[in-house]
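As they're listed, the protein sequences go chains C and D.
Mapping of the first sequence onto the numbering used here: residues 10 to 345, in sequence order.
Mapping of the second sequence onto the numbering used here: residues 4 to 346, in sequence order.
Just so you know, even glycine gets a beta-carbon here, dropped at the ideal spot from N, CA and C.
Quick caveat, the model's predicted, so the values are computed rather than measured.
Everything on this sheet refers to the single structure shown next.
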Amino acid sequence: MTAITAIHTRAGRLLAGLLLLATALAASLSLGQTNLAPTTLMAALTAFDPSNTQHLIVADSRLPRAVIAGLVGAALAVAGALMQALTRNPLASPAIFGVNAGAVFAIVVASTVLTVSALSQLLWVGLAGAFGAALLVFGLGSAGDRGPSPLRLVLAGAAVSALFMAFTQALLVTNQQGLDSVLFWLAGSVAGRSLDMVYPTLPLLLPALALSLTLGRAINLLASGDQVAQGLGQNVVGLKLLLGVLVVCLAGTAVALAGNVGFVGLIVPHMVRSWLGTDHRWLLSGSAVFGAALVLMADTLGRFLIMPQEIPVGVMTALIGTPVFILLARRGLNHG
Amino acid sequence: MAKSLRVRAGPLAFALPGRTIAVTAALILVVAAVMLLSLSRGTVAIGPGTVLQALLGQAEGPEGFVVNTLRLPRTVMAFLVGAALAVAGLILQALVRNPLASPDIIGISGGASVAAVAFLSFLAPQLGAQWLPLFAIAGALLAAAGIYLLAWRSGVTPARLVLIGIGLSAAMGAATTLMITLSPIATTMTAYIWLTGSVYGSDWADVQALLPWLALLLPLALRHARAIDLQEFGDTLATGLGLPVQRNRLLLLVLSVALAGVAVAHAGAIGFVGLMAPHIARRLVARQFAGLAPVTALIGGMLVVLADLVGRTLFAPLDVPAGVFVSAIGAPFFIYLLFRQRF
């Protein structure tokens with residue numbers, strides 16, 4: 010009851026978010042083609058029995074899926090919040106850095122031209138593509154004598170994304186085999202991955218998340234304007250550079266793990282802002298919690314809508330995200 | 004040469020500067036040359052002389068068949084599709100007063116894509132492929148209507164129109180992806196090529212289906228040349244000059260959607276033509292719709308003819324969809340535009 014009585018405070022609201030996340034996690038682990046009872050779930054997690062089919066479902070399918078969905082959601086939402094602070098543009102999201110298109114292109118090249126098929130290898134290829142595209146976008150957005158401006162970054166991102174998309178399409182229409190194997194991945198999916206795929210990304214993902222969450226105060230200062238922040242002794246250029254690197258690490262890993270999961274980085278920070286306020290110390294941790302919960306719920310819901318088939322999580326987040334986005338666009342996007 | 008040509012024919016009234024006329028004439032010659040090149044290149048190379056003979060119905064043997072039955076409808080189709088997309092983009096850019104707007108950005112291609120892929124996945128086996136354009140056009144119109152209604156809040160502002168368009172595009176993209184991932188691989192490939200945009204396999208029936216639309220819509224657009232020019236000045240000034248802004252905005256939007264819709268319906272979601280062609284046209288001739296429209300149409304048509312030509316010759320025997328090359332030129336062009344803008 011404490012969470013509900015204290016829901017007017019920010020701590021209470023964040024706690025409510027954690028409860029939501031826990032519920033979403035439990036639902037993701039227990040619901041699907043086979044619904045598992047809470048006791049079975051607990052037993053599978055605490056006293057794993059390799060001969061029990063239900064335990065195997067949890068260990069081989071549900072748990073990796075839930076872990077990836079949660080990590081991807083948290084990473085994308087935090088990346089989005091950082092991006093919106095960095096560009097002072099409420100419509101900014103990781104996709105704008107060209108991260109998604111770059112990762113997709115790299116993976117399609119690797120799987121069609123170089124015939125790499127192991128997901129664990131494709132992960133690194135995708136990450137490299139994300140970094141490459143982000144560097145290109147940043148270079149284009151800041152070239153010339155006027156330096157990087159938010160709008161130039163956004164537009165450079167759109168153009169580079171379109172270019173990579175065109176190359177990806179060219180490769181796929183000339184290679185039917187490739188299309189079949191990467192399409193589900195293109196749509197954004199957390200199905201069929203193993204935890205072995207996640208471990209190598211953790212040394213990148215977890216420090217980036219942790220570091221992002223400690224930057225709240227500095228970002229608040231940045232939000233009051235470059236000159237104010239500079240006057241108060243902040244190293245504005247250094248901070249912006251750090252934020253850019255963090256966005257690419259977070260979003261790049263997320264895209265490499267799960268493919269195109271859109272809208273999370275865009276809408277979660279907005280929803281959290283209206284729930285927890287504009288202070289980045291709260292906004293960032295709130296984004297992590299609610300982002301993870303949103304992707305977990307989207308993935309779980311996607312298992313039921315067109316049974317026995319599944320809707321990929323990237324499609325689900327887009328379908329959930331669009332109404333929110335339209336509401337934001339109609340309201341005029343005045344905060345952020 | 005006269006300084007300008009005045010046109011007064013019923014509702015059509017405008018003055019075309021001499022430079023505009025000269026540029027248009029020159030472009031027509033260039034387009035004719037490009038089309039001739041497109042007719043002569045391919046798996047079998049045919050000399051320009053033979054092509055001309057074939058066009059006049061005097062070629063003996065297989066050349067006549069290759070030129071008249073295989074290449075000519077495809078080339079004409081590429082030109083018409085490019086022209087329609089380009090003019091749709093020109094109208095839209097005036098309408099939303101943003102030089103970076105294009106039909107694919109505000110969701111028209113997205114709507115057509117959803118409908119087309121739904122048709123290919125669920126209905127094509129029963130109904131036959133000839134119904135595809137109809138579904139795509141309906142999808143484009145529905146999407147545009149949805150965007151317009153969602154953007155309406157005691158009037159439609161250009162910024163809201165674009166924002167809602169981008170949002171709805173993403174949702175429609177997700178729905179398209181969903182259908183593609185769930186359908187069998189043969190459908191997937193057809194749908195994916197359609198999404199990239201291709202004039203592969205166009206025949207005279209396609210041309211016959213597209214041409215009447217353009218013959219109807221392009222003169223209609225010219226008729227509203229003055230209103231289109233006024234829209235660019237902004238709501239206050241246009242209203243002051245006696246233009247019913249909201250009513251005109253709706254009408255022009257319908258025109259733009261219809262033009263883009265019929266083009267996308269026949270050739271798939273070719274991007275960037277609607278963005279690029281108007282920009283190139285504006286650099287060549289005066290900023291005035293009646294003069295810009297033909298130049299834009301010629302440039303747009305030429306772009307797609309060239310993209311198709313490159314796609315089917317450069318990587319032969321592969322037939323790379325025209326949409327790929329339009330994007331490959333379009334994206335750098337977009338970046339160039341970006342650098343010329345002063346932010």
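Residue 17 (chain C) classed as buried or exposed, judged by whether at least 16 other C-beta atoms fall within 10 angstroms: exposed
Reduced DSSP secondary structure (H/G/I, E/B, other) of residue 200 (chain C): coil
Counted within 10 angstroms of its Cβ, other Cβ atoms place residue 122 (chain C) as buried (16 or more) or exposed: exposed
Beta bridge counterpart(s) of residue 10 (chain D) as assigned by DSSP: D:17
Assigned exposure category for residue 151 (chain D) - 16 Cβ within 10 Å defines buried: buried
Residue 291 (chain D) - DSSP class collapsed to helix/strand/coil: Here residue 291 (chain D) sits in coil by DSSP.
Supposed close pair residue 280 (chain C), residue 307 (chain C) - CB separation, criterion 8 Å: A Cβ-Cβ separation of about 14 Å leaves residue 280 (chain C) out of contact with residue 307 (chain C) under the 8 Å criterion.
Beta carbon of residue 328 (chain C) nearer than 9 Å to that of residue 178 (chain D): yes
Touching by the beta-carbon criterion (3+ pairs, under 8 Å), the segment 263–280 of chain D and the segment 79–87 of chain D: yes
Reference residue 60 (chain D); option with closest CA among D:71, D:77 and D:275: Taking only the C-alpha atoms, the option nearest residue 60 (chain D) is D:71.
DSSP state of residue 61 (chain C) mapped onto helix, strand, coil: coil
The segment 264–275 of chain C touching the segment 183–203 of chain C, judged by at least three CB pairs closer than 8 Å: yes
Opening and closing residue of the alpha helix (DSSP H) in which residue 82 (chain D) lies: 75–99
Residue burial classification, residue 97 (chain C) (beta-carbon count within 10 angstroms, cutoff 16): exposed
Residues of its chain near residue 11 (chain D), where Cβ-Cβ distance is below 6 Å and the 5 sequence neighbours each way are ignored: none
Nearest to residue 205 (chain C) (by Cα), restricted to the options C:77, C:48 and C:111: C:77
Whole alpha helix (DSSP H) elements within the segment 172–248 of chain C, 4-residue minimum: 185–196, 204–207, 211–223, 225–232 and 235–240
Assumed close pair residue 221 (chain C), residue 91 (chain C) - CB separation to whole angstroms, cut-off 8 Å: 6 Å
Closest by C-alpha distance to residue 212 (chain C), when choosing among C:258, C:162 and C:235: Among C:258, C:162 and C:235, the Cα nearest to that of residue 212 (chain C) is on C:258.
Cβ neighbours of residue 77 (chain D) in the same chain (closer than 6 Å, five flanking residues each side left out): 202 and 205
Per-residue DSSP class, three states only, for residue 251 (chain C): Collapsing the DSSP output to three states places residue 251 (chain C) in a helix.
Residue-level contact to chain C via CB, residue 192 (chain D), 9 Å cutoff: With 9 Å as the cut-off, residue 192 (chain D) counts as an interface residue toward chain C.
For residue 45 (chain C), three-class secondary structure by DSSP: Residue 45 (chain C) falls in the coil class under three-state DSSP.
Cβ of residue 4 (chain D) within 9 Å of any chain C Cβ: Below a pLDDT of 50, predicted positions are generally treated as unreliable, and residue 4 (chain D), at 46, falls in that range; the measurement from the model is reported next regardless. No, because no Cβ of chain C sits closer than 9 Å to the Cβ of residue 4 (chain D).
CB contact below 9 Å: residue 326 (chain D) versus chain C: yes
Opening and closing residue of the alpha helix (DSSP H) in which residue 104 (chain C) lies: Run containing residue 104 (chain C): none; DSSP gives neither H nor E here.
Residue-chain proximity (residue 335 (chain D), chain C), Cβ-Cβ < 9 Å: yes
Under 7 Å from the C-beta of residue 324 (chain C): neighbouring residues of chain D: The answer, in chain order, is 177, 180 and 181.
Rounded straight-line distance, which links the Cα of residue 133 (chain D) to that of residue 324 (chain D): 20 Å
Partner residues on chain A for residue 330 (chain D), Cβ-Cβ distance less than 9 Å: Structure shown: chain A not included; protein chains present are C and D.
Beta-carbon proximity check, residue 287 (chain D) vs residue 37 (chain D), cutoff 9 Å: no
Between the CA atoms of residue 118 (chain D) and residue 151 (chain C) - distance to the nearest angstrom: 39 Å
Min CB distance residue 273 (chain C) to chain D below 9 Å: no
CB contact below 9 Å: residue 45 (chain C) versus chain D: no
C-beta contact flag for residue 268 (chain D) and residue 136 (chain D) at 9 Å: yes
Residues of the segment 307–324 of chain C with Cβ closer than 9 Å to any Cβ of chain D, in chain order: 315, 318, 320, 321, 323 and 324
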